[in-house]
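The structure appears below as structure tokens.
Numbering (the working numbering), first residue to last: 13 to 250.
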């Protein structure tokens, strides 16, 4: 019952054959489900990376977009049209109406998540407010080792997302992966985030995308072997 996560798009590259860029995308595989989470900011780069990593479009069961910012939804319409007819699309509330309509037109199972929703056994969508008229969706996995939390940018606050997930599912946290949105934060602010992770008891940390080099370096120092380096092409198993 392990979780496998393949990074399709990130600011950094872990494979010289793949393209990097500001944004995030990952393929999550758990309990037989294949979940595509976000698509980065460059449609051509995403497409090339997906081809090299052999992304199985027709086998994706769930397609999630974390929020409406352009570095997470590149090629939205084309990606939706490439999905299998039974793929379920999940979007956070206040997602652009025209894109919601396009999704509904091509995928019969299109859901706008307003708060918290189970999308499959042990797999959940959590939506929190991340700014004025903007909500963000995180993916939560309930695993034998604890919760796995995947974020796009964590605009609502990465610690707030973790606490909300724990409040809903009453479990420890095995890992947190994704953008933590601290690239403009000071050293002290980053240190506070790391300390809060440790206080909560997060077992493994995998910051990337908009987390910022300072925060990533602090996590690497504090978490040691439980820090996960992330870049385009990285494959992680939890």
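Built from N, CA and C at the ideal position, the CB exists for glycine as well. This one's a predicted model, so the numbers in the text were calculated from it and none came from an experiment.
Just the C-alpha distance for residue 136 and residue 168, rounded to the nearest angstrom, thanks. 17 Å
Could you have a look at residue 124 and say whether DSSP puts it in helix, strand or coil? strand
With a cut-off of 8 Å on the beta carbons, I'd call residue 138 and residue 159 a contact; round off their distance for me. Actually they do not touch by this definition, with Cβ atoms about 10 Å apart.
Span separating the alpha-carbon of residue 17 from that of residue 154: Between the C-alpha atoms of residue 17 and residue 154 there is a straight-line separation of about 15 Å.
Just verifying my parser: in three-state terms, what is the DSSP assignment at residue 167? coil
Is the separation between the beta-carbon of residue 30 and that of residue 67 shorter than 9 Å? no
In whole angstroms, what is the alpha-carbon distance linking residue 104 and residue 112? 10 Å
What are the partner residues of residue 51, as DSSP defines its beta bridges? Looking at the DSSP assignment, residue 51 forms no beta bridge with any residue, so it has no partner.
On a CA-only basis, which of 164, 118 and 81 is nearest residue 108? Give me that one, please. Nearest C-alpha to residue 108: 81.
Please state whether DSSP places residue 56 in a helix, a strand or coil. Correct three-state label for residue 56: helix.
Can you list, in chain order, the residues of its chain whose CB lies under 6 Å from that of residue 69, leaving out five sequence neighbours each side? 94
With a cut-off of 8 Å on the beta carbons, I'd call residue 34 and residue 23 a contact; round off their distance for me. 6 Å
What are the complete beta strand (DSSP E) segments, minimum 3 residues, inside the region 184 to 248? 185 to 191 and 216 to 220
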